[in-house]
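Following this line, the structure appears as structure tokens:
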């Protein structure tokens, strides 16, 4: 009993470290990219320094992501090194400090921003993909719940950060960067237990009931978040230039508070829906909620024309951005968990498009602000164009049918129990991961032709796997497999 308690503690400790580390990493990203709070004295003003930091860290991250997406094999080896998260944490901390010091003198602004961007960008991308790899190993339900908790916690951290200025703000962002990597590294010590399970007992990957073109789905999803991320970043930058950064910390924290409340409420509903009403919870509801908030943030843009920003518009933008980020993270992890190859390749490709989209949105907002903001008609036309772009993306790029296809990645509790029985039987008889996946389809009454199309393997490979499964289980037919699983159900 004591051993079970120890294993249970190790499992929860490992999950807790993963959740806390992800929250710290997201919090750091928000502090670097979404804040108007100055964290160092600057000859050019805090906004100018933050613009340089934003651009150079973002460009560095985009470059790293594109390189990894192109050639992920060497990076995959680095992800398995025990010391790597601690090294990435140190790089993020150093890069953050360098960026904070960059604005102290005119001659140091550009060199230190470039150096800090390269260092902090590299460390943050490593940790982002490392967390993604660990989350892709979790059962989908656990992944969704802990991700939602992490994003709520990150928003709270960002809210607290908004109350700080100068040195305390720099210390806060640096601490979050360092602790994020430390949490992931410490999780590695529990990783020997694999969150309470041996690697051979890793949960069977969830396979859609119908064949789904993963590559096409990933491409459409990546295009969607690139467009959506660009739109939300355009709004954020536009609001900042309209004067949101001049209202002082008290007003800024009030805006963050309302945005945080929006994120917390909807993220809590996701957790509640998954835990209490798994059969009624659908991704479509979350997808529509984020779309609605984003459209509301766009439609109130003309209120910035007279300079009276208020709290509501910027809060909607912040809340919708955070919710989109959370939804993109969860879905990218779910997509990654389906695929056999190195998860870094899939994650880096998806997040490269997100980063590129936000950078394009930033540049467009900086370029168009002057002529657009001076004329109300131009501002209304811009608002209509952004709204149409978002709606068209929703209707044609990544549609409700695509959301439904992704929903197949999220099993019900009944499906979870069925997969657990299959996994138990497979582990007891030494089945490989692929053999367990084939066994699941056989247990569902699927034939070899269907399995071949769904798993994207040849018909002969399926029949070979089926032969080996029957041999290892000591059975001779599909009916005997069903009887064996039924016996396991009664035993449990």
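In my numbering, the protein residues as written are 1 to 492.
We put the CB at the ideal spot given by N, CA and C, even for glycine.
Nearest to residue 384 by alpha carbon, out of 53, 97 and 300?
Considering only alpha carbons, the answer is 300.
Please state the DSSP three-state secondary structure of residue 429.
Looking at residue 429 - three-state DSSP - the assignment turns out to be coil, as it is neither helix nor strand.
Mapping the DSSP letters down to three states, classify residue 205 as helix, strand or coil.
Here residue 205 scores only 47 on pLDDT, less than 50, and its place in the model should not be relied on; the value that follows carries that caveat. In the structure shown, residue 205 sits in coil (DSSP, three-state: anything other than H, G, I, E or B).
Among the candidates 88, 164 and 124, whose CA atom is the shortest distance from the CA of residue 57?
Among 88, 164 and 124, the Cα nearest to that of residue 57 is on 124.
With a Cβ-Cβ cutoff of 8 Å, do residue 26 and residue 150 count as a contact?
Yes, they are a contact pair.
Which residue from 78, 227 and 128 puts its Cα closest to that of residue 65?
The shortest C-alpha separation from residue 65 is found at 128.
Excluding sequence positions up to five away, which residues of its chain have a Cβ less than 7 Å from the Cβ of residue 226?
Only 353, 354, 356 and 357 meet the Cβ criterion.
Please report the distance separating the alpha-carbon of residue 134 from that of residue 336.
Near 11 Å, if we compare the C-alpha coordinates of residue 336 and residue 134.
Selection from 423, 462, 237 and 319 that minimises the alpha carbon distance to residue 373:
Comparing alpha-carbon positions, the option among 423, 462, 237 and 319 lying closest to residue 373 turns out to be 237.
Helix, strand or coil, according to DSSP, for residue 164 in the structure here?
Residue 164: coil per DSSP, three-state reduction.
Rounded to a whole number of angstroms, what is the C-alpha to C-alpha distance between residue 24 and residue 131?
Straight-line Cα distance between these residues: approximately 12 Å.
For residue 475, collect the residues of the same chain with a Cβ closer than 7 Å to its Cβ; drop the 5 residues on either side in sequence, then sort them by chain order.
Result list for residue 475: 481 and 484, in chain order.
8 Å Cβ shell around residue 241 - same chain, five flanking residues per side excluded
Closer than 8 Å at Cβ, skipping near neighbours: 365, 366, 369 and 373.
Measuring alpha carbon to alpha carbon, tell me which residue in 175, 441 and 375 is nearest residue 90.
When only C-alpha atoms are compared, the closest one is 175.
Short of 7 Å in beta carbon distance, which residues of its chain neighbour residue 98, apart from the five on each side in sequence? Order them along the chain.
Result list for residue 98: 112, 115, 116 and 119, in chain order.
CA nearest to the CA of residue 163, picked from 19, 86, 31 and 468
Among 19, 86, 31 and 468, the Cα nearest to that of residue 163 belongs to 31.
Taking DSSP as the reference, what is the three-state secondary structure of residue 230?
Three-state DSSP puts residue 230 in a helix.
At which residues does the alpha helix (DSSP H) containing residue 83 begin and terminate?
No alpha helix (DSSP H) contains residue 83, which DSSP labels as neither H nor E.
Determine whether the beta carbon atoms of residue 183 and residue 316 lie at a separation below 8 Å.
With contacts defined as CB atoms closer than 8 Å, residue 183 and residue 316 fail to qualify as a contacting pair.
Taking only three categories from DSSP, how would you classify residue 197?
Low confidence applies here, because residue 197 scores a pLDDT of 39, under 50, leaving its location unreliable; read the following figure in that light. The three-state reading of DSSP puts residue 197 in coil, since its state is none of H, G, I, E or B.
Apart from the five residues on each side of it in sequence, which residues of its chain come closer than 6 Å, Cβ to Cβ, to residue 287?
Counting only Cβ-Cβ distances below 6 Å, and skipping sequence neighbours, we find 403.
Residue 375 (DSSP reduced to helix, strand or coil):
DSSP places residue 375 in coil when its eight states are reduced to three.
Using CA atoms only, rank isn't needed, just tell me which of 231, 427, 349 and 351 is closest to residue 293.
Closest option to residue 293, Cα to Cα, is 231.
Quick check on DSSP: helix, strand or coil for residue 393?
In this structure, residue 393 counts as helix in the three-state DSSP scheme.
If you check the beta carbons only, do residue 344 and residue 102 fall under 8 Å apart?
In terms of Cβ geometry, residue 344 and residue 102 do not form a close pair [threshold 8 Å].
Got a sec? Which residues, its chain only, sit under 7 Å from residue 380 by beta carbon, not counting five neighbours each side?
Contacts found: 302.
Top-ranked residue by Cα proximity to residue 29, from 53, 13, 235 and 360:
Checked all of 53, 13, 235 and 360; the closest Cα to residue 29 is 53.
By the three-class DSSP mapping on this structure, what secondary structure does residue 302 have?
DSSP places residue 302 in helix when its eight states are reduced to three.
CB contact flag (residue 361, residue 234, <8 Å)
Closer than 8 Å, so yes.
Could you compute how far the alpha carbon of residue 105 sits from the alpha carbon of residue 33?
If you draw a straight line from the Cα of residue 105 to the Cα of residue 33, it comes to about 22 Å.
For residue 431, which residues in the same chain have their Cβ closer than 7 Å to its Cβ, ignoring the five residues on either side in sequence?
So the qualifying residues of the chain are 439, 469 and 472.
Alpha carbon of residue 377 to alpha carbon of residue 371, nearest angstrom
Using only the alpha carbons, I get a separation of about 11 Å.
Residues in its own chain within less than 6 Å of residue 393 by CB, not counting five upstream and five downstream?
Only 224 and 227 meet the Cβ criterion.
Taking residue 63 and residue 330 to be in contact with their CB atoms under 8 Å, please state how far apart those CB atoms are, rounded to whole angstroms.
Contact doesn't hold; Cβ gap of about 26 Å is too wide.
Verify whether the separation of the beta carbon atoms of residue 185 and residue 86 is less than 8 Å.
Yes; because the gap between Cβ atoms is below 8 Å, this pair is in contact.
Quick check on DSSP: helix, strand or coil for residue 138?
Coil at residue 138, not helix or strand.
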